[in-house]
Ligand code: HEM
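Residue numbers (our numbering): 48 to 448.
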């Protein structure tokens, strides 16, 4: 789409430190313009109404390896992960990589894991009830996604603690990170790659979905062996930090809104779906997704140059008053959620693991509301921060009771 009379300069908003939190900063940006330059200089698109435009394949494409090159990474295990991943590819390559897996991760099939997820959540939660302060971030929120993905892949129970460490080390590589973090990230990515190789080269488990996925793709022949393994690594990485942080954020905000937590505890099965919708909107684990403009692009009169790296702030869009009534108000009874929750992105790369993530979040929160309704924060509240990609959290302790 060619710009019409667009000429307005995109304002630079480097004043993040002047605001109480990331949401207040984004609110102020939204009120100023539909697109602003973040402290990094990257244009961020802020409104709900512009998300679709930003995933139109005629005007933008997904970031490939440029994000890493920008950080000085042009080879090595982290580069291999990104280069082979569906998440960082475009067009036919992306369709080939995503194809077989989207059937496996369909909503109907993921429902089949609900009981297993609930059983795991009940076991973990019950083990902590009445035992004083506990590390919620590590011992529940971090444990569930790693265990579920391990189960899906057929990782033996004994390997899970080590597997988990590599996963969380490698995960940090897909967002922006400091050079001092790189050795640890590369170590995790290398170990995870070697582990997946050993899993695929070892005896095939009849029940594991990984066996079927690999067999089907080898027969079809549209992916190289490295690409097949790359998609498995992508799944492991994409489903871990995102869900861990979403669980923490949900519990943090539910306990802060005591009346709504009480309401949830009275009817957890009935309310688990709306609770998950609202907690993901209010303080999401993914703040934005990246795109590169293919041509000069107009956003409500502001022009983004062709070839620009852009952030689409779904975090801002989910507090956009044009899309949600009283958006800064946390309300588990809200009825204005759109059909497709923007927290999972949009377009061809929309989250492949949405169904699994929802099952995990719904069952873990329902388990907590049922088995630990008198829970309370223990220690400092967590600091959840970040404006790009997966956000970060410093710690979170709770007392389950
Ligand atoms: C609350 C949890 C989650 C959130 C908020 C989330 C969010 C997202 C978002 C925003 C994208 C799109 C990124 C883009 O367009 O650049 C994405 C892609 C993806 N997610 Fe998730 N995700 C979550 C959980 C999961 C889980 C549990 C899995 C799998 C086990 C998963 C697997 C993937 C994969 C494979 C992609 C890449 C899809 C593609 O490129 O075609 N995610 N996710």
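All residues carry an ideal CB built from backbone N, CA and C; glycine is no exception.
Proximity to residue 242 [Cα-Cα], best of 208, 259, 267 and 221: Put simply, of 208, 259, 267 and 221 the residue whose alpha carbon is nearest the alpha carbon of residue 242 is 208.
Residue burial classification, residue 382 (beta-carbon count within 10 angstroms, cutoff 16): With fewer than 16 Cβ atoms within 10 Å of its Cβ, residue 382 is classed as exposed.
Distance cut-off 7 Å: residue 201 Cβ against heavy atoms of the ligand HEM: Checking every heavy atom of the ligand HEM against the Cβ of residue 201, none is found closer than 7 Å.
Residue 296, DSSP secondary structure in three states: Residue state, collapsed to three classes: helix.
Candidates 437, 445, 431 and 414: closest to residue 170 by CA position: Comparing Cα positions, the closest option is 414.
Where the beta strand (DSSP E) containing residue 359 begins and where it ends: Taken as a continuous stretch (DSSP letters only), the beta strand (DSSP E) holding residue 359 covers 356-359.
Close Cβ partners of residue 283 (< 6 Å) along its chain, the five nearest in sequence each way excluded: Its chain contains 196 and 214 as the residues whose beta carbon lies nearer than 6 Å to that of residue 283, once the 5 sequence neighbours on both sides are disregarded; these appear in chain order.
Check: residue 399 C-beta below 7 Å from any heavy atom of the ligand HEM: It does: the Cβ of residue 399 is within 7 Å (strictly closer) of some heavy atom of the ligand HEM.
Residue 408 (DSSP reduced to helix, strand or coil): Looking at residue 408 - three-state DSSP - the assignment turns out to be helix.
Where the beta strand (DSSP E) containing residue 217 begins and where it ends: No beta strand (DSSP E) contains residue 217, which is instead part of the alpha helix (DSSP H) from 207-218.
Residue nearest to residue 144 in terms of C-alpha spacing, selected from 60, 375, 399 and 67: Looking at the Cα atoms, 399 is the closest of the given residues.
Helix, strand or coil at residue 340 according to DSSP, with G and I counted as helix: Of the three classes helix, strand and coil, the one that applies to residue 340 here is strand, per DSSP.
Cβ neighbours of residue 431 in the same chain (closer than 8 Å, five flanking residues each side left out): Cβ within range, chain order: 292, 295, 296, 299, 330, 438, 439 and 440.
Start-to-end residues for the alpha helix (DSSP H) that takes in residue 349: Secondary structure note for residue 349: it is in no alpha helix (DSSP H), and the uninterrupted beta strand (DSSP E) holding it is 349-351.
Simplified DSSP assignment, three categories, for residue 448: Reduced to three states, the DSSP call for residue 448 is coil.
Start and end residues, beta strand (DSSP E) containing residue 91: Note, residue 91: beta strand (DSSP E), 90-92.
Assigned exposure category for residue 350 - 16 Cβ within 10 Å defines buried: Buried, since its Cβ has 16 or more Cβ neighbours within 10 Å.
Residue range of the alpha helix (DSSP H) that includes residue 140: Bounds of the alpha helix (DSSP H) holding residue 140 are 138-151.
Residue span of the beta strand (DSSP E) that contains residue 181, given as start and end: Counting along the chain, the beta strand (DSSP E) containing residue 181 begins and ends at 180-182.
Assigned exposure category for residue 354 - 16 Cβ within 10 Å defines buried: Per the 10 Å Cβ criterion, exposed.
Sequence-distant residues of its chain with Cβ nearer than 8 Å to residue 434 (five each side left out): Taken in chain order, the residues that qualify are 63, 69, 72, 73, 85, 91, 334, 335, 358, 360 and 362.
Buried or exposed by the 16-neighbour rule on C-beta atoms within 10 Å, applied to residue 219: The residue in question, residue 219, is buried, as its Cβ has 16 or more Cβ neighbours within 10 Å.
Nearest-angstrom Cα separation, counted from residue 385 out to residue 79: When the Cα atoms are used, residue 79 and residue 385 turn out to be separated by approximately 25 Å.
Helix, strand or coil at residue 303 according to DSSP, with G and I counted as helix: Of the three classes helix, strand and coil, the one that applies to residue 303 here is helix, per DSSP.
Given 8 Å, three or more beta-carbon pairs between the stretch 120-130 and the stretch 394-410: Too few Cβ pairs lie closer than 8 Å, so no.
Outcome for residue 117 when other beta-carbon atoms lying within 10 angstroms are tallied against a minimum of 16: It counts as exposed.
Burial state of residue 427, where buried means 16 or more other Cβ atoms lie within 10 Å: Taking a 10 Å sphere around the C-beta of residue 427, we find fewer than 16 other C-beta atoms and assign the residue as exposed.
Whether residue 77 touches residue 367 by CB criterion (8 Å): It is a contact, given that the beta carbons lie within the stated cut-off.
Assigned exposure category for residue 122 - 16 Cβ within 10 Å defines buried: With fewer than 16 other Cβ atoms within 10 Å, it is exposed.
Best match in 134, 216 and 113 for proximity to residue 233 [C-alpha to C-alpha]: Of all alpha-carbon atoms in 134, 216 and 113, the one lying nearest the alpha-carbon of residue 233 is that of 216.
Burial state of residue 405 (16 or more Cβ within 10 Å): Residue environment: residue 405 is assigned as buried (16 or more neighbouring CB atoms within 10 Å of its CB, all protein chains considered).
The ligand HEM heavy atom lying under 7 Å from the CB of residue 257: Every heavy atom of the ligand HEM is 7 Å or more from the Cβ of residue 257, so no.
Option nearest residue 424 by Cα separation, candidates 263, 444, 411 and 346: If we check each option's Cα against that of residue 424, 444 comes out closest.
Exposure of residue 49, with buried meaning 16 or more beta-carbon neighbours within 10 Å: Legend: pLDDT at residue 49 = 47, less than 50; position of this residue unreliable, no value from coordinates given.
Assigned exposure category for residue 271 - 16 Cβ within 10 Å defines buried: With fewer than 16 other Cβ atoms within 10 Å, it is exposed.
Beta-carbon spacing of residue 276, residue 244 below 8 Å: Closer than 8 Å, so yes.
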